[in-house]
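Using the numbering used here, you'd call the opening residue of the sequence shown number 191 and step up by one each time. In this text, a Cβ means the ideal position worked out from N, Cα and C, and glycines have one as well.
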Amino acid sequence: MRSGIIFLSLFFLIVLQANAYTILLDPGHGGEDRGATRKITYKVNGKKRVKYYFEKDLVLPYARKIQEKLRKKKYTVHLTRSLDRTISLEKRAEIAEKVKADLFISIHMNSNFSSVSKGVETYYLDNHNDVAVKKVEEVENVGLAGGDLIVRQIITDLIVERTVKNSKNLALNIHYHLSKRVIKKFKMKDRKVRAGLFYVLALSKRPGVLLEVGFLSNSSDLKKILDPRFQDAYATAVVRGIDDYLKNKK
Ligand SMILES: [Zn+2]
């Protein structure tokens with residue numbers, strides 16, 4: 191009997207430890223910061239109608255689905271925001287500190303002046319010389335509540351050194367599942383894993399990735415982004431990637 195209790199205690203200890211990780215999901219933008227916008231004009235009974243899609247809204251169902259699936263796997267999951275509200279990049283990092291997040295996952299939608307650009311990208315924090323990536327950074331780095339950019343650059347350098355190996359690994363794990371379950375199945379363009387200097391990742395000071403689900407500026411991508419089946423497949427892929435990364439880390 192006693193050995194049974196010891197065995198049970200050990201079992202629960204192992205089970206609890208197995209999922210003792212805390213993951214912070216960060217739906218990008220919010221409130222005054224709409225992120226990328228897609229305007230669609232169409233006609234109803236000859237009358238012109240306009241519909242707007244905002245990145246800040248579109249990222250929320252992804253965060254909720256990923257949260258739900260991670261919780262099923264007994265991870266502790268927090269969201270930096272679950273509503274449409276303005277929240278600075280610093281505040282997002284503060285939340286990461288407060289909840290003692292092990293991983294930081296920022297969720298975004300891409301956009302380009304050309305409607306031709308499309309596809310799935312997974313970013314981790316690192317220095318690079320990619321001109322195309324610099325454009326994505328410009329958009330995603332909006333939202334700092336002030337402060338000295340040079341100081342931030344130094345912080346970024348130190349954080350890159352500390353987190354780059356784990357973050358890249360996490361990005362590769364997530365993107366592996368995205369390519370298997372999302373990119374092939376939904377015929378998305380694979381824009382691969384990329385390095386980017388995203389302040390929200392640097393400020394969070396922990397391993398993390400920034401997901402660019404697809405391009406709002408591309409009609410084919412937008413249709414998929416809005417499709418609940420695509421959202422579900424995407425969320426499953428991200429969760430499998432996180433799960434694989436954390437299991438391999440042990
Ligand atoms: Zn964004």
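Neighbourhood of ligand 1 [Cβ distance below 5 Å to any heavy atom], ordered by chain position: G218, G225, H298 and E330
Beta-carbon proximity list for V428, same chain, < 6 Å, skipping 5 on both sides: I256 and I364
Spatial neighbours of Y425 in its chain, beta-carbon cut-off 7 Å, leaving aside the 5 residues before and after: Position check: residue 425 holds Ala in this sequence, whereas Tyr was assumed. Y252, K255, I256 and K259.
Endpoints, the alpha helix (DSSP H) within which D380 is located: Run containing D380: none in the alpha helix (DSSP H); it sits in the beta strand (DSSP E), D380 to G386.
8 Å CB neighbourhood of L412 in its chain, flanking five on each side removed: R228, Y243, G404, F405 and L406
Where P397 falls: helix, strand or coil (DSSP): coil
C-alpha gap between D347 and H268, whole angstroms: 27 Å
For E402, three-class secondary structure by DSSP: strand
Residue closest to R371, alpha-carbon to alpha-carbon, out of G333, H318, Q421 and T353: Q421
Range of the contiguous beta strand (DSSP E) that encloses D216: T212 to P217
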